[in-house]
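A.B. asks:
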Amino acid sequence: MERLTRKEGGRMASSRANLSKKAKLIGIGAAIGLVVGAFSVFMLLTYNPPDKQQEPNVDVAVLMSEISQINELATASQTYTVVEKVESNSKLFDTIDIPFSENFFILTYMGELKAGVNLDEAQVALEGTTVKVSLPQATILSDAIDTTSFKVLHEQNNFLNPIGVEDVTQYIDESRQEAEAAAISGEVLNEAQENAVSSIEALLGAALPEGYTIEVGLAEA
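According to my numbering, the stretch in the sequence shown is residues 1 to 221, in order.
Printed below as a string of structure tokens:
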């Protein structure tokens, strides 16, 4: 009887020990579960996914704005010197020269022509990854006379036909028109057009994202 009691007591002690171990394991498991759960919640709340890489975008309006800010692009210039004798006679009834009424003067001066393109007339289009720019034909943008270069080399004035301001003004206007005509028939406009294309390619090419190309051409005359 005493032996049975001892055996039962040992079994009960062993059972209690096992229960105690199970309780400890359950407690540890619960603690680990709480830590993992808390970490998961923290990650969900604080996770910031990387931004999706955006495709490069080209805005034609922005490119047009870049071009229009320049307005006129002067890309070639030519200086010229005029030396010419201008003479005239007084006329009777605007047809017959009056004897001894001749006058003349020899005038020299310098000027500078500037040629280029009017960028207000440029057109920009986007075709896939190619930016196409159409520039207008080059023209004479300005013709400036250096007033400090005026020199009268010789003058013969006649009281019957005095030299007036209008004579000099008319001479300058005619000389300017001749200089512009010579420039247009020469290489100035071609040079201006080539330089304009190169300038726009450099200007807009630097602003385009990687993978885009630019084509610059001239509109038909």
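For each residue, glycine too, the CB sits at the ideal point set by N, CA and C.
Leaving out five residues on either side along the sequence, give the residues of the same chain with a beta carbon under 6 Å from the beta carbon of Met110.
C.D. replies: Thr81, Asp146, Ser149
A.B. asks: For the beta strand (DSSP E) that Leu218 lies in, which residues bound it at each end?
C.D. replies: Residues 213-218.
A.B. asks: Using 10 angstroms around the beta-carbon of Gln275, count the other beta-carbons present and answer buried if the total reaches 16, otherwise exposed.
C.D. replies: Any answer about residue 275 is impossible in this case: the structure gives the chain only from 1 up to 221.
A.B. asks: If distances are taken between C-alpha atoms only, which option among Met64, Thr79, Leu119, Lys114 comes closest to Ala192?
C.D. replies: Checking every option, the nearest Cα to that of Ala192 belongs to Lys114.
A.B. asks: If you draw a straight line from the alpha carbon of Ser134 to that of Glu121, how long is it in whole angstroms?
C.D. replies: 9 Å
A.B. asks: How big is the Cα-Cα spacing for Leu208 and Gln123?
C.D. replies: 17 Å
A.B. asks: Under 7 Å between the Cβ atoms of Leu201 and Ile214?
C.D. replies: It should be noted that the sequence gives Glu, not Leu, for residue 201. Their beta carbons are under 7 Å apart, which means Glu201 touches Ile214 by this criterion.
A.B. asks: With Gln123 as the anchor, note down where its alpha helix (DSSP H) starts and where it stops.
C.D. replies: Not the alpha helix (DSSP H): Gln123 falls in the beta strand (DSSP E), residues 123-127.
A.B. asks: What separation, rounded to the nearest whole angstrom, lies between the Cα atoms of Gly217 and Val83?
C.D. replies: So the two alpha carbons sit approximately 39 Å from each other.
A.B. asks: Determine the DSSP secondary structure at Leu208, reduced to helix, strand or coil.
C.D. replies: Coil, per DSSP.
A.B. asks: Taking Leu73 and Ala196 to be in contact with their CB atoms under 8 Å, please state how far apart those CB atoms are, rounded to whole angstroms.
C.D. replies: Confirmed, about 6 Å.
A.B. asks: On a Cα-Cα basis, can you pick out the residue from Leu204, Glu127, Thr130 that is closest to Val65?
C.D. replies: Sequence inspection shows Ser at residue 65; the Val mentioned does not correspond to that position. The candidate whose alpha carbon is nearest that of Ser65 is Leu204.
A.B. asks: Taking C-alpha atoms, which residue in Glu178, Ile172, Ser198, Thr129 lies nearest to Thr108?
C.D. replies: Ile172
A.B. asks: For Glu127 versus Thr79, is the C-beta spacing smaller than 7 Å?
C.D. replies: The answer is no: Cβ separation not under 7 Å.
A.B. asks: Write down the C-beta distance between Ala138 and Lys132 rounded to the nearest angstrom, noting that I regard them as a contact closer than 8 Å.
C.D. replies: About 19 Å; that fails the 8 Å criterion.
A.B. asks: Under a three-way DSSP split, which group does Ala182 fall into?
C.D. replies: Here Ala182 sits in helix by DSSP.
A.B. asks: Relative to the C-alpha of Thr129, which residue among Glu210, Ala219, Ala183 is closest?
C.D. replies: Glu210
A.B. asks: Using only CA atoms, which one of Asn190, Ile140, Ala76 lies nearest to Glu178?
C.D. replies: Ile140
A.B. asks: Applying the criterion that 16 or more other CB atoms from any shown protein chain within 10 Å of the CB defines a buried residue, is Ala219 buried or exposed?
C.D. replies: exposed
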